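Worksheet for the structure shown next.
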Amino acid sequence: MSTPLVMFVGFIAITLGITYWASKRSSGSSAFFAAGRRITAWQNGIAVAGDYMSAASFLGIAGIIAFQGYDGFLFSVGWLVAYLTVLLVIAEPLRNAGKYTMADVLAYRLRPRPVRAMASLSTLTVSTFYMIAQMVGAGALVTLLLKDSGISYQTAVIGVGVLMIVYVVFGGMLATTWVQIIKAILLIAGTVLLSILVLAHFHFSFAAFFDAVGHVTYHDKGQVVVKDFLQPGLRYKPPYGPLDLISLGMALILGTAGLPHILVRFYTVPDAKTARHSVVWAMVLIGSFYIMTTFLGFGAATIVGRDFISTHGGTNMSAPLLAQSLAGDVFFAFISAIAFATILAVVAGLTISASTSFAHDFWTNVIHKGVERKAGEEVMVARISAFVVGAIAIFIAILLGPTANVAFLVALAFAVAASANLPVIVLSIFWRRFNTAGAVTGLATGLVASIGLILVSPSLMAVDPPTVVGAARHLIQAKAWFPLENPGILSIPLGFLGAFVGTMLSHEPTSQHKFNELLVRSNTGLGAERAGAA
Amino acid sequence: MNALPQEMQRYEASQTEWDRVAASKEFKDLMATKKIFIVPAFVFFIVYYFALPILVGYAPAFMSTKVIGNVNLAYLFALSQFFMAWTIAWLYVKAAGDFDKLAKDIIEKAENRKGA
Numbered sequence: 377m378s379t380p381l382v383m384f385v386g387f388i389a390i391t392l393g394i395t396y397w398a399s400k401r402s403s404g405s406s407a408f409f410a411a412g413r414r415i416t417a418w419q420n421g422i423a424v425a426g427d428y429m430s431a432a433s434f435l436g437i438a439g440i441i442a443f444q445g446y447d448g449f450l451f452s453v454g455w456l457v458a459y460l461t462v463l464l465v466i467a468e469p470l471r472n473a474g475k476y477t478m479a480d481v482l483a484y485r486l487r488p489r490p491v492r493a494m495a496s497l498s499t500l501t502v503s504t505f506y507m508i509a510q511m512v513g514a515g516a517l518v519t520l521l522l523k524d525s526g527i528s529y530q531t532a533v534i535g536v537g538v539l540m541i542v543y544v545v546f547g548g549m550l551a552t553t554w555v556q557i558i559k560a561i562l563l564i565a566g567t568v569l570l571s572i573l574v575l576a577h578f579h580f581s582f583a584a585f586f587d588a589v590g591h592v593t594y595h596d597k598g599q600v601v602v603k604d605f606l607q608p609g610l611r612y613k614p615p616y617g618p619l620d621l622i623s624l625g626m627a628l629i630l631g632t633a634g635l636p637h638i639l640v641r642f643y644t645v646p647d648a649k650t651a652r653h654s655v656v657w658a659m660v661l662i663g664s665f666y667i668m669t670t671f672l673g674f675g676a677a678t679i680v681g682r683d684f685i686s687t688h689g690g691t692n693m694s695a696p697l698l699a700q701s702l703a704g705d706v707f708f709a710f711i712s713a714i715a716f717a718t719i720l721a722v723v724a725g726l727t728i729s730a731s732t733s734f735a736h737d738f739w740t741n742v743i744h745k746g747v748e749r750k751a752g753e754e755v756m757v758a759r760i761s762a763f764v765v766g767a768i769a770i771f772i773a774i775l776l777g778p779t780a781n782v783a784f785l786v787a788l789a790f791a792v793a794a795s796a797n798l799p800v801i802v803l804s805i806f807w808r809r810f811n812t813a814g815a816v817t818g819l820a821t822g823l824v825a826s827i828g829l830i831l832v833s834p835s836l837m838a839v840d841p842p843t844v845v846g847a848a849r850h851l852i853q854a855k856a857w858f859p860l861e862n863p864g865i866l867s868i869p870l871g872f873l874g875a876f877v878g879t880m881l882s883h884e885p886t887s888q889h890k891f892n893e894l895l896v897r898s899n900t901g902l903g904a905e906r907a908g909a910a
Numbered sequence: 034m035n036a037l038p039q040e041m042q043r044y045e046a047s048q049t050e051w052d053r054v055a056a057s058k059e060f061k062d063l064m065a066t067k068k069i070f071i072v073p074a075f076v077f078f079i080v081y082y083f084a085l086p087i088l089v090g091y092a093p094a095f096m097s098t099k100v101i102g103n104v105n106l107a108y109l110f111a112l113s114q115f116f117m118a119w120t121i122a123w124l125y126v127k128a129a130g131d132f133d134k135l136a137k138d139i140i141e142k143a144e145n146r147k148g149a
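In structure tokens:
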């Protein structure tokens, strides 16, 4: 077996051990969906960081910085600062008032069935799209990383899918959390090592490092180009670049606080104070990680070079190729295994948030009006839906194929989270007049606006030259109607507007009466769900 | 109808009780104390954050001004965002200690009234 394969198998063995351990612990809804609410602040902080630092951030950001310099760093900034919204506005009220999902908070004072049905739909949309992006990336990546082992794209996608189903179905939230923690520690260790090696290459002189970054040389259309990679604007060019950048910023800053797989993490801790501390832990880890991504990206640009990366797997291989050129094949294998672990853990996190929402919001509360007909039914439904969600994601990922243009799916997930989920969560906590009609129209407008605008954006609409074939071709061969890749700047205000108009057009006295209960619960933690047996 | 005992202990109260707590001086103090910190902190970080894409997008020449060696204003401003976020988070945790004290009072009073 090749060294990367041995490391992959090692990681899989450890995580399956954890899943076995978690499955042996006592069962029950609170244990399956929220790890018994006994995860500590630092553990949850690492798990939140782990859920967030996907392959898109590790391989994707390093790749964008390696190819387009400074502009890639702007993704990193937004991804960290976004946690201030989570910390100041969302985490504590959610933990205080909810049980397993974000819809719990909405259901307090609004009519539970319509609100939960819509919230569940938007949660499933966000999670599934995000998951498909990860799966396609995983398949392409595993094939590249393990190319000596002859593992095909299909085998890789099925392997990743089956593993994530096993973690979630047998280990629940406890196993998913620990897989996430181990992966986050590995990821940060790998990034620190790689950053140190980059700096060592420049004899630990920042001056020498940044000097090299100022003169990155590569070939473009047969011409030798020398660019200052600290210069902004290499990716986001006028006329629409700056606006796209602001739109992206809005989706990141407001979308993170609406991502279901991040929100469910705050139910795994004992109380709001722990939720708060876990956000701070996550911010320290995520921030340090993203600052280091510049060393990885700039390191790859200066030490490996764009030309070499382009011919050896493309942008996503920047970080692994950097590892190879600095410390040889074993380190390349180690970094590749970390990238693989990252993808596995993130898809498992997405699967559990999707299946929790389906089982808790849709099955128990919408179809069966909040009554579990027999003990354990909710957990059983969640296990089945994890299986179904996993199977669908495997199927679509194989159908799309390894060359599919899927980056827009992540932008879509953030846009839906920011335009549909965030407005209704915020309005339900802060606006007394808010009501059921407002929540439903808000969720629907945000969802439709984000999906609609992405459909007509340059991500899906463009005229390709005939040389571009297969899955890499744009879906609609015409000039894009909406000029930005990120719909946030328009879809977020539309989400809020939808919620506002829906509210004003209807009258719901009970929602206003019950506002005081939600206000007191979310701000004091009176009657919050307590930690139980894990 | 949940089988788990710890979830049956959940605090429930009548509408009038929730209204009473919401109207109490202690609760109003808590909300006021929270607002004094959270509103300015939120506004500050939004303005500080969006200054970055706006300046980088619309004043790229200015942001390319070299400050230390080859390091330009754009990189330093982006880097400063991380320290801004960490500082606000740290200040919030310090301020939230006060929120917890006020909230604890309200919870204890409410639970005592129920005789729980």
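Residue numbers (the working numbering), protein chains in the order written: chain G, 377 to 910; chain R, 34 to 149.
Idealized CB from N, CA, C, for every residue including glycine.
Predicted model only: the values in this text are computed from it and were never measured.
- For G:Val502, no beta strand (DSSP E) segment is defined; the enclosing uninterrupted segment is the alpha helix (DSSP H) at Pro488 to Leu521.
- Taking a beta-carbon distance threshold of 7 Å, G:Ala583 counts as an interface residue toward chain R.
- Rounded to whole angstroms, G:Leu639 and G:Val645 show a C-alpha spacing of 12 Å.
- The DSSP assignment places 783-792, 798-806 and 812-831 as complete runs of the alpha helix (DSSP H) inside the stretch 767-835 of chain G, in order along the chain (cut-off: 4 residues).
- Shown here, G:Met429 sits in coil according to DSSP, grouped into three states, outside any helix or strand.
- Secondary structure note for R:Thr98: it is in no beta strand (DSSP E), with a DSSP letter that is neither H nor E.
- In this structure, the beta-carbon distance from G:Phe707 to G:Ala713 does not fall below 7 Å.
- Within a 10 Å sphere around the beta-carbon of G:His579 sit fewer than 16 other beta-carbons, which makes this residue exposed.
- Exclusion of the five residues before and after R:Gln114 leaves Tyr81, Tyr82 and Leu85 as the residues of its chain whose Cβ lies within less than 8 Å of its Cβ.
- Just so you know, the alpha carbons of G:Ser733 and G:Phe674 end up roughly 40 Å apart.
- The distance from the Cβ of G:Ala907 to that of G:Arg413 is about 4 Å, consistent with a contact at the 8 Å cut-off.
- Cβ atoms of G:Ala825 and G:Ser795 come within 8 Å of each other, at about 6 Å.
- The C-beta of G:Phe586 comes closer than 7 Å to at least one C-beta of chain R.
- Val54, Ala55, Ala56, Phe60, Leu63, Met64 and Lys67: these are the residues of the stretch 54-68 of chain R whose beta carbon lies less than 9 Å from some beta carbon of chain G, given in chain order.
- Bridge partners of G:Ile852 according to DSSP: G:Met837.
- By the C-beta criterion, the stretch 565-579 of chain G is judged not to be in contact with the stretch 752-768 of chain G, since fewer than 3 inter-stretch pairs fall below 8 Å.
- At a Cβ-Cβ threshold of 7 Å, R:Ile140 and G:Leu902 count as neighbours.
- In this structure, the beta-carbon distance from G:Ser623 to G:Asn862 falls below 7 Å.
- Going by DSSP, G:Val592 is part of the beta strand (DSSP E) stretching over Val592 to Asp596.
- By the 16-neighbour rule on beta-carbons within 10 angstroms, G:Glu893 is buried.
- With a beta-carbon spacing of about 16 Å, G:Val481 and G:Ala493 fall beyond the 8 Å limit used to define contacts.
- For R:Lys58, the enclosing alpha helix (DSSP H) begins and ends at Lys58 to Tyr91.
- Nearest CB-CB separation between G:Gly448 and chain R: not below the 7 Å threshold.
- Distance from the CA of G:Trp455 to the CA of R:Lys147, rounded to the nearest whole angstrom, comes to 44 Å.
- Look at the beta carbons and you see the stretch 768-777 of chain G not touching the stretch 830-845 of chain G: under three pairs across the two are nearer than 8 Å.
- The continuous beta strand (DSSP E) containing G:Gln599 extends over residues Gln599 to Lys603.
- DSSP, read as helix, strand or coil, puts R:Val104 in strand.
- From the beta-carbon of G:Gln419, no residue of chain R is found nearer than 7 Å; the closest lies around 18 Å away.
- Closest in alpha carbon position to G:Leu851, among G:Ala721, G:Leu823, G:Ser833 and G:Val601, is G:Ser833.
- Judged by DSSP secondary structure, G:Ile638 falls within the alpha helix (DSSP H) whose first and last residues are Pro636 to Leu639.
- Around the C-beta of G:Val747, fewer than 16 other C-beta atoms lie within 10 Å, and the residue is accordingly described as exposed.
- Going by DSSP, G:Met693 is part of no alpha helix (DSSP H) at all; its letter is neither H nor E.
- For the pair of segments examined, the stretch 124-132 of chain R was found not to touch the stretch 89-105 of chain R: the number of CB pairs separated by less than 8 Å stays below three.
- Within the same chain, and ignoring the five residues on either side of G:Ala838 in sequence, the residues whose Cβ sits closer than 7 Å to its Cβ are His850 and Ala856.
- Taking 7 Å as the CB threshold, G:Met659 lines the interface with chain R.
- Using a CB distance cut-off of 7 Å, R:Gly130 does not count as an interface residue toward chain G.
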